[in-house]
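What the sequence shown shows, in the numbering used here, is residues 12 to 58, in sequence order.
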Amino acid sequence: MAAYLIADVDVKNAAAFEEYRRDVPATEERYGGRYLGRGGANKVLEG
Numbered sequence: 012m013a014a015y016l017i018a019d020v021d022v023k024n025a026a027a028f029e030e031y032r033r034d035v036p037a038t039e040e041r042y043g044g045r046y047l048g049r050g051g052a053n054k055v056l057e058g
């Protein structure tokens, strides 16, 4: 079964987010996850 996640994250607690980022790769590997795309800051072009 495929699942997709699209997120626009506004980090309020940098230390807690860094802990989360550290743990994510193990979870991805455990469940066979992979990135299809990843980016940095977004820029609204119109709308």
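All C-beta atoms, glycine included, are put in the ideal place defined by N, C-alpha and C.
Check	Outcome
Ala18 in three-state terms, based on DSSP	coil
Nearest candidate by alpha-carbon position, reference Gly50, set Met12, Asp19, Tyr15 and Gly43	Asp19
Limits of the alpha helix (DSSP H) - the one that Glu39 falls within	Ala25 to Tyr42
Distance, Phe28 Cα to Tyr42 Cα	21 Å
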